[in-house]
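Chains as they are written, first to last, in my numbering: chain E, 121 to 739; chain P, 874 to 1283. Quick reminder that beta carbons are idealized off the backbone N, C-alpha and C, glycines included. Right, one structure below, let's go through it.
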Amino acid sequence: MKRTVPLLIAACCGIVLIITAFVPSLVSWGETATVWFDILAAIAFVLGGGNLIKIHLKKVSDRNAGWAYSMITIVTFLFTLFIGMVKWGVPPAEDQEYFGDTFASVSVDELPESLSFTEPVKLSGIYDRDNLPDSVKRQLSWEQNEEGITSLSFRGWMQEGQKEELLEIHQNLQWQAAVELLAEKSSVPESLQGKIAYYANHQAISVTGVLTEDLQEQLLALGGTPAWIDAVSMLAEKSNQQSTLELRDIPPALQIPEESAESLKLQGNTIALTGPLTPAMSKELLDVFPRVRPMSTDSINKYVAQLENMEGGLTNDPDGSDQKSVLTAMLGMSWNADQLIVLLDEAGKSLPIKKTACELLAEKQSGVHELKTMKPASGPDVVLNEEQQSFLREKVVDPDYNLNNLGVDLKEKGTWIASQESALQKFLGQASTIGARNKLICLSLTNDGGGLSDEQFAFLLAPYRAEHLWNQQVHGLLVMSHEVKYPWSGAYLVSGSPFWFTYEYAFKPLTATMFSLLAFYVASAAFRAFRAKNFEAFLLLGTAFIILLGRTFAGEWLSSLVPDYLAALRVENITSFVMTVVNTAGNRAIMIGISLGIVSTSLKILLGVDRTYLGSGED
Amino acid sequence: MKQFQFNTIILAVGAVLLLTGLVSAEDSSATKKPIQPQAEQADLTIQDHSWDGGDELDIRVKLSPEVFDSVTGDQASGELTLLQAEEFGGVYKQISKLPPNDGSWELDAENHAVSIQIGDLNRETEYFYRVYWQPQEGEKQLLAENTVANSPERQWFSGEKWKLALVGILICGSVIFFIEIAKRGWKLKVRRIAGLEAVDEAVGRATEMGRSVLFVPGIQDMNDIQTIAGLNILSHVAKTAAEYDAKVEVPTSRALVMTAARDTLQGAFMAAGRPDAYNPDLAYYVTDEQFGYVAYVAGTMVREKPAACFYLGAFFAESLILAETGNSIGAIQVAGTAQPSQLPFFVAACDYTLIGEELFAASAYLSGSPEELGSLKGQDVGKIIVAVWLLAGCAIATLSVWGISLEMWY
């Protein structure tokens, strides 16, 4: 019995895997069987670890030959296991942390009844709950009768991503229209939008930034269970925690944005923050350094002269190091007014609008045969007029003009729409800062074979150093004010962690060392194998010699004297022939034998003819 | 009798599974509407792709000569687009167009028809198609559409694998046939395999020298047939070692192999009548890491200097490191693997090498049982089939050089 049961399991799994290869309806059975194997193998890891400790402890205890190696093995095993298991020094995964948000646990069932949204629908056809996206499975439910689904219900607020996923699963207008109506009904109220969200997969309600008293009242007004009330209280408590940080070298241009004024206060060199620092606040705090803008030729020359007049000067050798030309070129490489005009004209184009599923369904029901998914643009295209263009060309190179006012000024001079303003802000926000540009300039000037004096370095890198210091401080504030939600969510091999360090600087070099031994062993094995003791060995030696010669330049060079009509006898061609014909034929013969051997052995195991791998053939 | 019962159980399991597949395929088709060729417009035919897993439909569009020429000629002057929706009259999305023909469209110039196979479909979903033609000048025209829903169906057998199934049945059938006739007493002769003849010699040498026998079952897990073949040979090696009272050591790189090797050793020691000599610590786990394993085994070899080393299983880059280390300590070495790229290293550094299929034949050879020897004869039938195909292929390829092709015969 001890042997028969494993044999039966092996045989059943084997038969399942064979049959599932040919029967499509049973494919999932094969997948399940392989998953079982993976589970078994995972359990075996524990077994293997235990055995490793036991064997090596025994060796150490008995002082057997090589016991010191066993000791090292035990220590490194335990050390690696510890730092890997506890994820020592591994930061939480950024995509799981929701920076700027505070979470409080509340399950879908504990949500107030007022957050149950129901949309009466009439959906015929087959809808299977198993096909629903994982993100909505906990929240979406429906009522069904013989004719189909009669109502869709959603618990909690539906997020945009959930709506998109629901729309995707059935390309059917009735379904999509119902989802659109349900999404509209279950969207976050306007007063809470962008501040409050519910994450069903995390079983948590979240607030972005601070939960003000007003927001708290609105949430409590939704009614609800004790769990909901507790969650709201917890949100209020956690999102109102104070963080303070002493700052150094505060950028002169720093101004606390109006919308953050209540939660972010700067007193002298101390910044006090209520609640977490949101990504939007962080972006605004960081965006306080001047950005690169087009420079006039005079400005460029002035800048170059300033650097040239410093200690060390700039090289200007057209045949060698030419720092002056490099600097001039780099200063002139920023964006220009024409690029911005093209972008703003493009942003001003009126684009066709995608119809909603409800609109498409209404068209379909009204008898439209060929539905068009887009509707024409609502207005005419807006392009910059002559006055706007010339103003823009003039002002972008004027160093005294504040580019942040560009949108307002352009609006005064002609038609200006929101999409253009948004494109303008995006464009200006993407331009690199002076510090980042200067860092590149430094790299280019020093890569060019020339050097820079300390004074020149200090002049060029001062903005970058200020930016770097400020970025670090803002990042510190972000981390300080953030409440870690999933401390162990980071990848254990994340760069910089002790586990990664051990892997990178201990494990990899050691395995590479072992692998490199192969080179020496190949030489010694080849020496023995190529001794021409008999005809076969002589044949082997001859073939090896031809291949070695054919794979080097010497072979080609030596046989270049062979005339073209005897090209087949050139060493490289003989090498190619041996490898593609003789070697391939031999390899295939072995492969065919191996394949048949595998079939036969597998069959013997499945049929229980060969049981020796389980011990003796008898029970 | 016991063997007969076991085989019966296994065959019954297989039959039940096949039946389940058949029934589930029938079930799936029973719930679907019957597939109907396009009724409204005769020029669009949609059919289920036969003998598949239920995720493909075959679409054929019969065009007028003018349209056909405009989309298939060298100088294409129009464009044919195929659109798909999940409801009639809904939002149709383009899934293919012609030209360009990326090989997915099949052209039938004789009937002025084009056909395409649409994949990645869902059996639970109904599909509707529209075919549009956009001439070089003028408006896009709807050529055809279907109003009756079409859904792919799943068949019980995957038709594209019929060749594999046929070859599998032939080879497996011949193996089973020869096992059965071997059981009935038919004498079978197997050629001598030097590497296996040397097992007793190697273990005997280790006993005489008072040293251990090292058995390395490769670095793959139990789901690799080479590891199982290696453990089959371990059974014989361990039995011989138990009889000679020699020590066998089996370092493994997988925990499952360790447990299997322990069972093998225990069985072998019991078969040799020496259950008292069995020690589970003879088979132990080292590490899953390839070169960590090699470092340990090579270190053990240098320190303990086993008199005989067996490398039987799946090996990769570590083959030569192990074999050369074994060579340097003067051990008698027997190796075998089904990794063709590692065979030259073993041949160069070991005393005996089991090449490819010999590794799988070893168990039968060593046991000498008629059933197992029968399986080797079954393999030979496979070889004959392969040889015939190879010769036929070579002949056809050679004839084609002179312009003689099979097409000329039909």
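On a CA-only basis, which of the options is nearest residue i? Give me that one, please.
| i | options | result |
| --- | --- | --- |
| Gln967(P) | Gly1203(P), Tyr1005(P), Thr1210(P) and Gly1165(P) | Tyr1005(P) |
| Glu652(E) | Glu506(E), Ala645(E), Gly662(E) and Glu428(E) | The question names Glu, but residue 652(E) in the sequence shown is Ala. Selected option, being the one with the closest Cα: Gly662(E). |
| Pro1153(P) | Phe1164(P), Ile1052(P) and Thr1137(P) | Thr1137(P) |
| Met415(E) | Ser353(E), Pro519(E) and Ala482(E) | Pro519(E) |
| Glu239(E) | Leu301(E), Asp215(E), Leu312(E) and Thr193(E) | Leu301(E) |
| Thr1125(P) | Ala1150(P), Phe1164(P) and Tyr1157(P) | Tyr1157(P) |
| Met1174(P) | Ala1196(P), Glu1162(P) and Phe1188(P) | Ala1196(P) |
| Pro372(E) | Asp334(E), Phe511(E) and Pro583(E) | Pro583(E) |
| Gly395(E) | Lys358(E), Pro377(E) and Arg411(E) | Lys358(E) |
| Phe640(E) | Ile1194(P), Lys1250(P), Gln1007(P) and Gln1028(P) | Ile1194(P) |
| Phe1188(P) | Ala1181(P), Arg1176(P), Thr1198(P) and Pro1213(P) | Pro1213(P) |
| Ser950(P) | Val940(P), Ser1192(P) and Gln1206(P) | Val940(P) |
| Asn321(E) | Leu638(E), Ile289(E), Val462(E) and Gly281(E) | Gly281(E) |
Would you kindly check if the distance between the Cβ of residue j and the Cβ of residue i is under 8 angstroms?
| i | j | result |
| --- | --- | --- |
| Ala1111(P) | Pro1243(P) | no |
| Pro1025(P) | Leu930(P) | yes |
| Arg671(E) | Leu127(E) | no |
| Val1048(P) | Ser1248(P) | yes |
| Leu287(E) | Gln296(E) | yes |
| Gly209(E) | Ser615(E) | no |
| Gly963(P) | Asn292(E) | yes |
| Glu1245(P) | Ala1237(P) | yes |
| Ile1098(P) | Ile192(E) | no |
| Met401(E) | Gln576(E) | no |
| Thr1100(P) | Val1123(P) | no |
| Ala855(P) | Phe1219(P) | Because residue 855(P) is not part of the residues shown, which for chain P are 874 to 1283, the question remains open. |
| Asn1200(P) | Ala1171(P) | no |
| Leu340(E) | Val594(E) | no |
| Tyr1151(P) | Thr1160(P) | no |
| Asn1023(P) | Glu1053(P) | no |
| Tyr612(E) | Phe619(E) | yes |
| Asp508(E) | Lys469(E) | Note that residue 508(E) corresponds to Gln in the displayed sequence, not to Asp. No, the Cβ-Cβ distance between Gln508(E) and Lys469(E) is not below 8 angstroms. |
| Ala1190(P) | Phe635(E) | yes |
Which chain E residues sit within Cβ distance under 7 angstroms of residue i?
| i | result |
| --- | --- |
| Gln1252(P) | Leu716, Gly717 and Ser720 |
| Tyr1184(P) | Ordered by position in chain E, no residue passes the 7 angstroms Cβ test against Tyr1184(P), which lies about 14 angstroms from the chain. |
Considering only heavy atoms of the ligand ATP, does any lie closer than 7 angstroms to the CB of residue i?
| i | result |
| --- | --- |
| Ile932(P) | With respect to small molecules bound, the structure shown includes none, and the ligand ATP cannot be examined in it. |
Report the neighbours of residue i on chain P: residues whose CB is nearer than 8 angstroms to its CB, in chain order.
| i | result |
| --- | --- |
| Ser185(E) | Ser is not the amino acid found at residue 185(E); the sequence shown has Ala there. Correct list: Arg1176 and Glu1177. |
| Asn171(E) | Ala1128, Met1131, Tyr1157 and Tyr1158 |
| Leu160(E) | Leu1129 |
Determine the chain E residues that contact residue i at a beta-carbon separation under 8 angstroms, and present them in chain order.
| i | result |
| --- | --- |
| Asn974(P) | The contacting residues do not exist; Asn974(P) stays about 26 angstroms from chain E at best. |
| Pro1213(P) | Asn707, Ile710, Met711 and Ile714 |
Residue i touches chain E at which residues, Cβ-Cβ below 9 angstroms?
| i | result |
| --- | --- |
| Lys1256(P) | Ile712, Gly713 and Leu716 |
| Lys1034(P) | Ala141 and Phe142 |
Mind listing the chain P neighbours of residue i? Cutoff is C-beta to C-beta under 9 angstroms, in chain order.
| i | result |
| --- | --- |
| Arg648(E) | Asn1200, Ala1221 and Ala1222 |
| Ser244(E) | Ordered by position in chain P, no residue passes the 9 angstroms Cβ test against Ser244(E), which lies about 10 angstroms from the chain. |
Taking C-beta pairs closer than 7 angstroms, name the residues in chain P that residue i reaches, listed in chain order.
| i | result |
| --- | --- |
| Lys724(E) | Glu1245 and Ser1248 |
| Asp730(E) | Asn1105, Ser1236 and Glu1245 |
Check distances from the C-beta atoms of the region 270-292 of chain E to those of chain P and list, in chain order, the residues that come in under 8 angstroms.
His290, Gln291 and Asn292
Going residue by residue through the region 924-948 of chain P, where are the continuous alpha helix (DSSP H) segments of at least 4 residues, counting only ones entirely within it?
938-945
Counting only runs that start and end within the region 233-313 of chain E, where is the alpha helix (DSSP H) found for 4 or more residues in a row?
280-289 and 293-305
Which residues, in chain order, does the region 609-637 of chain E contribute to contact with chain P at a C-beta distance below 7 angstroms?
Thr631, Met634, Phe635 and Leu637
Inside the region 1033-1114 of chain P only - alpha helix (DSSP H) runs reaching at least 4 residues:
1035-1056 and 1067-1082
If you scan the region 415-453 of chain E from start to end, which runs of the alpha helix (DSSP H) of 4 or more residues do you find wholly inside it?
As for any alpha helix (DSSP H) of minimum length 4 sitting wholly inside the region 415-453 of chain E, the runs are 417-428 and 443-451, ordered along the chain.
At a Cβ cut of 7 angstroms, what residues of the region 473-489 of chain E count as close to chain P, listed as they run along the chain?
Leu480, Lys484 and His489
Note down, in chain order, all residues in the region 1060-1075 of chain P with a beta-carbon under 7 angstroms from any beta-carbon belonging to chain E.
none
Pick out the complete alpha helix (DSSP H) segments inside the region 1118-1185 of chain P, 4 residues or longer, and give them in chain order.
1128-1144 and 1163-1177
So if I threshold CB-CB distances at 8 angstroms, which residues from the region 582-593 of chain E count as touching chain P?
Listed in sequence order: no entries.
Interface positions of the region 1218-1249 of chain P facing chain E (Cβ-Cβ less than 9 angstroms), listed along the chain
Phe1218, Val1220, Ala1221, Ala1222, Ile1228, Gly1229, Glu1230, Glu1231, Leu1232, Phe1233, Ala1234, Ser1236, Ala1237, Leu1239, Ser1240, Ser1242, Glu1244, Glu1245, Gly1247, Ser1248 and Leu1249
Taking a Cβ distance cut-off of 7 angstroms, strictly less, list which residues of the region 1083-1100 of chain P are near chain E, in chain order.
Asp1094, Asn1096 and Ile1098
Return the chain-ordered ranges of every alpha helix (DSSP H) run that is complete within the region 500-533 of chain E and spans a minimum of 4 residues.
Taken in chain order, the whole alpha helix (DSSP H) runs of length 4 or more contained in the region 500-533 of chain E are 506-516 and 526-533.
Residues of the region 248-272 of chain E with a CB closer than 9 angstroms to any CB of chain P: list them in chain order, please.
Cβ contacts with chain P come from Asp248 and Asn251.
Which residues, in chain order, does the region 951-969 of chain P contribute to contact with chain E at a C-beta distance below 7 angstroms?
Taking 7 angstroms as the upper bound on Cβ-Cβ separation, chain E lies near residues Ala958, Glu959, Glu960, Gly962, Gly963 and Val964 of the region 951-969 of chain P.
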